[in-house]
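Just below is one structure, and these are the notes that go with it.
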Amino acid sequence: MKMQFPVEAFKGIETPFYYYDVELLQATLDAVKREAAKYEGFHVHYAIKANFNPRLLEIVNKAGIGADCVSGGEVRAALAAGIPADKVVFAGVGKTDKEIALSLDAGIFCFNVESVPEIEAIERLAAERGVVAQVAVRVNPNVGAHTHANITTGLAENKFGVNYEQLDGVIDVIESMPHIKLIGLHFHIGSQLLVMDDFIALCSRINELQELLMETRSLVLPHINVGGGLGIRYDFPDKYPIPDFEAYFATYANNLKLHPGQQLHFELGRSLVAQCGALITRATYIKSGTCKKFIIVDAGMNDLIRPALYEAYHRIENLMSTKADGVYDVVGPVCESSDVFCKDRRIPETQRGDILAIRSAGAYGEAMAFGYNCRELPKAVLSTDL
Ligand code: LLP
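All residue numbers for the sequence shown refer to our numbering, where the first residue is 102 and numbers rise by one.
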């Protein structure tokens, strides 16, 4: 199944906008559910940060998938979409009292905690309410995911999680707190990982750690959360519209030694929503420089920041031209020289007014849009709207 573009309908819609193919989203969600269900105790949470469009969240909820949140706003968005509180996990190094309070009041499943002062804040707020908060300690596994430096999170020098050496002390603190119950360990090594080796390395670290906790504290926790990170093929979105969830879950099933009854949680963002979304934009002008040709489009870095921020590759297709290729830089209208979607790319010869699709933009596209230059936030159109 590949993403479909109803070009005739697009002609009547003001650009830029994000377009989501609901059929492909549904097929992706069906695939992740089917593959996870092959294993006892595997639970998928959708990492809302990838795309918090409320209409997509409702579709995710209908698929029976939980939520991974990183702010009070995301917890609210998950609940508003109907995702049950007992399927919501909340991570992040900087949870404020207000965010913790609203999550306690909602009765979320688990806080992924990252520091002692945060644990103290949760204890205080849970005590005020007379409730017990369930927490998992986020452990920094010091596993280097081979991806862009800005989206690697599992290395020792990152701000995330607590280090191995500190873990024992952190568990002591939690065990001394009457309103906090330690239910698990949480990990996340990075994003856009396409080779399974990094996940295998994570499994070995978790196995070592579980053995150590067993030996030193006779401790077996009921939940292990391995975060997200499964990548997608930005180079061939039509050849690989649905990520290889089968290989991904099999990697964990084959390499992670779980104790009997232990539940395994995943926080998948990009792999669930990236391929079903595209940023649709019109060529405003074609401009020839001395040695370059530019397609100036009406979408900018404020609509999709990934190329400017991570030098990310997105395929760009002209939906209206089948002419021979030209070589272009595709750039936006924003007053920043980094407002560039691609450089020296072969794209069919393009004319003013042509409609282009910037592919694989369903994750970290709309969610990261902003209003610089007083630009309007991009709208979203679902295939079911047309
Ligand atoms: N869990 C935790 C703790 C995370 O930090 C993340 C992503 C995820 C789950 C979901 O990861 P995913 O399955 O989507 O790889 N804006 C960047 C990506 C940032 C990822 C941050 N953390 C990008 O556009 O590539």
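Quick reminder that beta carbons are idealized off the backbone N, C-alpha and C, glycines included.
query	result
Classify GLY466 as helix, strand or coil using the three-state DSSP reduction.	coil
Nearest to SER319 by alpha carbon, out of GLU368, VAL217, ILE272?	ILE272
Among the residues of its own chain, which have a CB less than 7 Å from the CB of ILE307, if the five just before and after it don't count?	PHE288, ILE325, LEU357
Whose C-beta lies closer than 6 Å to the C-beta of ARG239 among residues of the same chain, with five residues either side of it excluded?	ASN213, GLU215, GLY262, HIS287
Compute the Euclidean distance between the alpha carbons of GLN105 and ASP122, then round it to the nearest angstrom.	7 Å
Looking only at its chain, what residues have a beta carbon closer than 7 Å to the beta carbon of LEU268, apart from the 5 residues adjacent to it on each side?	VAL238, VAL240
When every heavy atom of the ligand LLP is checked, does at least one fall within less than 8 Å of the C-beta of PHE106?	no
Exposed or buried, what is TYR140 when buried is set at 16 or more other beta-carbons lying within 10 Å of its beta-carbon?	exposed
Who are ASN419's beta bridge partners in DSSP?	LEU457
Please find out if some non-hydrogen atom of the ligand LLP comes closer than 8 Å to the beta-carbon of HIS289.	yes
State whether the segment 182 to 190 contacts the segment 406 to 413, with contact taken as three or more CB pairs (one from each stretch) at a distance under 8 Å.	no
Can you give me the start and stop residues for the alpha helix (DSSP H) that ASN356 sits inside?	346 to 356
Out of ASP206, LYS260, SER292, TYR414, which one is the CA nearest neighbour of GLN235?	ASP206
Looking only at its own chain, which residues have a Cβ that is under 7 Å from the Cβ of ILE114, when we skip the five neighbours before and after it?	VAL482
DSSP three-state label for PHE153, please.	coil
So, at 6 Å on beta carbons, what are the nonlocal neighbours of GLY328 in its own chain, with the 5 sequence-adjacent residues on each side left out?	PHE288, HIS289, GLU368
Could you pull the start and end residues of the beta strand (DSSP E) that VAL189 belongs to?	189 to 191
Considering LYS394, what are the terminal residues of the alpha helix (DSSP H) in which it resides?	Here LYS394 belongs to no alpha helix (DSSP H); instead the beta strand (DSSP E) covers 394 to 398.
Determine whether the beta carbon atoms of PRO117 and ASP404 lie at a separation below 9 Å.	yes
Given a cut-off of 9 Å, decide if ILE343 and ALA132 are closer than it, judged by their beta-carbon atoms.	yes
Taking its Cβ as the centre, do 16 or more other Cβ atoms sit within 10 Å of VAL374, making it buried, or is it exposed?	buried
Check whether the Cβ of ARG371 lies closer than 8 Å to any heavy atom of the ligand LLP, and answer yes or no.	yes
Taking all protein chains shown into account, do 16 or more other C-beta atoms lie within 10 angstroms of the C-beta of LEU303, making it buried, or fewer, making it exposed?	buried
Determine, using beta carbons only, whether LEU457 and ARG383 come nearer to each other than 9 Å.	yes
Tell me whether the beta-carbon of LEU226 lies closer than 9 Å to the beta-carbon of ILE201.	yes
Just checking TYR414 against the ligand LLP - is the residue's beta carbon closer than 8 Å to any of the ligand's heavy atoms?	no
Once DSSP output is grouped into helix, strand and coil, what is the label at SER204?	helix
Under the criterion of a Cβ to heavy atom distance below 8 Å, does GLN293 qualify as lining the ligand LLP?	yes
Could you give the residue range of the beta strand (DSSP E) that holds GLU368?	364 to 369
Ends of the alpha helix (DSSP H) at ALA168?	Unbroken run through ALA168 is the beta strand (DSSP E), 167 to 170; no alpha helix (DSSP H).
Between the C-alpha atoms of ARG334 and ASN474, what's the straight-line distance to the nearest angstrom?	32 Å
Quick check: the Cα distance between LEU126 and ASN162, rounded to an integer number of angstroms?	12 Å
Would a check of beta-carbon distances place GLN235 closer than 9 Å to chain B?	In the structure shown, chain B cannot be found, because there is only a single protein chain.
Taking TYR203 and VAL176 to be in contact with their CB atoms under 8 Å, please state how far apart those CB atoms are, rounded to whole angstroms.	What sits at residue 203 in the sequence shown is Leu, not Tyr. Contact flag correct, Cβ pair sits at about 6 Å.
Our contact map puts TYR353 next to PHE300 with C-beta atoms below 8 Å; I'd like the distance itself, whole angstroms only.	7 Å
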